[in-house]
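**Q** I have a structure I would like to understand better, so I am pasting it below and will then ask my questions one at a time.
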Amino acid sequence: MTRPCERGVHEIVSEPTEAALDVDRVSFGYPARRVLDEVSLRVRPGEFVALVGLNGCGKSTLLRLVAGVLRPASGRVWVGGTDMARVSRRDAAREVALLHQSAPAVPGLTVRQMVRQGRYATRGPLGMLRVGDDAVTVRAMRDVGVEQWADRPVEALSGGERQRVRLALALAQDTPVLLLDEPTTYLDLRHQLEVLQLVARLRDERGLTVLTVLHDIGLAARFAERLVALRDGRVAADGPPDRVVTPDLLRDVLGVEGRVGRDPEHGWPICFPDRPSPVDMTAGDRPALLDPGATAR
67 MTRPCERGVH EIVSEPTEAA LDVDRVSFGY PARRVLDEVS LRVRPGEFVA LVGLNGCGKS
127 TLLRLVAGVL RPASGRVWVG GTDMARVSRR DAAREVALLH QSAPAVPGLT VRQMVRQGRY
187 ATRGPLGMLR VGDDAVTVRA MRDVGVEQWA DRPVEALSGG ERQRVRLALA LAQDTPVLLL
247 DEPTTYLDLR HQLEVLQLVA RLRDERGLTV LTVLHDIGLA ARFAERLVAL RDGRVAADGP
307 PDRVVTPDLL RDVLGVEGRV GRDPEHGWPI CFPDRPSPVD MTAGDRPALL DPGATAR
């Protein structure tokens, strides 16, 4: 494969395999709006990375590009050496599992039936008709603690319980990369903690690579080992939470004036937002992007 380099000639590049996923200068947009502008991101195997930023900054779009649901206008997305723009949706589902923000419950669908849907990429339409759960489905339900609800209708579960079932569905795809789009949406604080603690435990037990979108900067700083902040479709900051989460990040990326402290027991950053930033974060006069490399120096 070749690609143009800055000098105008073409250089030979091989598909990267040392990273679990590699986003290389990806741009994407619609006729009226550019969503992502030459975003690059490499995630190591087993890493837990959180995407943060305002609504509309491109976080969910980036997840869909990594999952192969969307195709980039330019640039490449590799997962385990596979170019996600060149494979079918079914083949992409063998590489990554994407948990969307929410999905309506199908009336009458049981927990067991819902989790089995995660096996479609591997078993195919005919395999889905077989009676009984395979070992991967059984393990997925057991690992998230929903096996006792296997024959209950999903619509009868609480929001927190339903989110655990959806996580089991994603695990049933049996992929090395797990993408989560706002997994704590609509959950109370208790269930937010339960879901993220569950994800962290499964990451350790299964050796998963996790890329998640989180709006709560405090939860992101607590659970992720690395934060990537997006603004205006570009990477504004990238690094460990204790370096990335600063008053400048709150103001320039999240649009609030505030303070940052440290948890006295564990040391992770704690944010104290005070008020919206006086700068209009929807206008073209936003402050300059933070230096993405500044957090690594």
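Take 67 as the starting number for the sequence shown in the numbering used here and just add one per residue.
We put the beta carbon where it would ideally sit given N, CA and C, even for glycine.
Between the alpha carbons of R309 and D340, how many angstroms are there, rounded?
**A** Using only the alpha carbons, I get a separation of about 20 Å.
**Q** Which stretch, first to last residue, makes up the alpha helix (DSSP H) that contains P249?
**A** P249 -> no alpha helix (DSSP H), and no H or E assigned at all.
**Q** Rounding to the nearest angstrom, what Cα-Cα distance links V202 and N121 in this structure?
**A** Taking the straight line joining both Cα atoms gives about 35 Å.
**Q** In the DSSP output, which residue or residues are listed as bridge partners for L296?
**A** L296 is bridged to V301.
**Q** Should V243 and V231 be called a contact, given that it needs their Cβ atoms to be closer than 8 Å?
**A** No.
**Q** What residues are listed by DSSP as bridge partners for Y96?
**A** R99, per the DSSP bridge assignment.
**Q** Decide yes or no for the touch test of the region 108-127 against the region 270-284: beta carbon pairs closer than 8 Å, at least 3 of them.
**A** Output reads yes: the region 270-284 touches the region 108-127.
**Q** Note down the Cα distance separating L129 from D149, rounded to an integer number of angstroms.
**A** Rounded to whole angstroms, L129 to D149 spans 15 Å at the Cα level.
**Q** Using a Cβ-Cβ cut-off of 6 Å (strictly less than) and excluding sequence neighbours within five positions of F18, which residues of its own chain qualify?
**A** Missing from the structure shown is residue 18; the chain here goes from 67 to 363 and no further.
**Q** Under three-state DSSP, which class holds S154?
**A** In this structure, S154 counts as coil in the three-state DSSP scheme.
**Q** What do you get for Q258, buried or exposed, if any count of 16 or more other CB atoms within 10 angstroms of its CB means buried?
**A** Q258 comes out buried.
**Q** Determine the direct distance from the alpha carbon of D217 to that of R100, and round the result to whole angstroms.
**A** Their Cα atoms are separated by approximately 45 Å.
**Q** Closest by CA to H166, which one among E248, R137, A206, A85?
**A** Of E248, R137, A206, A85, the residue nearest in Cα terms is E248.
**Q** For the 8 Å Cβ check, are there 3 or more pairs between the region 325-336 and the region 153-163?
**A** Not touching, per the Cβ criterion.
**Q** Return the CA-CA distance between R91 and V153, expressed in angstroms with no decimal places.
**A** Each residue's Cα considered, the two are about 19 Å apart.
**Q** I need the straight-line Cα distance from P313 to T188, nearest angstrom please.
**A** Spanning the two alpha carbons is a distance of roughly 46 Å.
**Q** Who are V279's beta bridge partners in DSSP?
**A** Paired residue(s): L117, D247.
**Q** Look at the alpha carbon of A151 and the alpha carbon of A139, and state the distance between them as a whole number of angstroms.
**A** Going from the Cα of A151 to the Cα of A139 covers about 10 Å.
**Q** Within a Cβ cutoff of 8 Å, which residues of the same chain sit near L131, ignoring the five residues on either side of it in sequence?
**A** Excluding residues within five positions, the ones whose Cβ falls inside 8 Å are V89, V92, F94, L102, R137, P138, V143, M150.
**Q** Assuming the contact rule is C-beta atoms closer than 8 Å, Y252 and S168 should be a hit. Round their C-beta distance to whole Å, please.
**A** Their Cβ separation, rounded to whole angstroms, is 7 Å, which keeps Y252 and S168 in contact under 8 Å.
**Q** Check each candidate in A133, R108, K125 and name the one with the smallest Cα separation from Q239.
**A** The candidate whose alpha carbon is nearest that of Q239 is A133.
**Q** If you draw a straight line from the alpha carbon of D254 to that of D200, how long is it in whole angstroms?
**A** Roughly 33 Å between the two C-alpha positions.
**Q** Go ahead and pull the three-state DSSP assignment for V173.
**A** The amino acid at residue 173 is misidentified as Val; the sequence shows Pro. Correct three-state label for P173: coil.
**Q** Excluding the 5 residues flanking W215 on each side, which residues of the same chain have their C-beta closer than 8 Å to its C-beta?
**A** V177, L223, E227, V231, listed in sequence order.
**Q** Kindly identify the DSSP beta-bridge partner or partners of T148.
**A** V145, per the DSSP bridge assignment.
**Q** Helix, strand or coil for D200? Go by DSSP, reduced to three states.
**A** The answer is coil: DSSP assigns D200 none of H, G, I, E or B.
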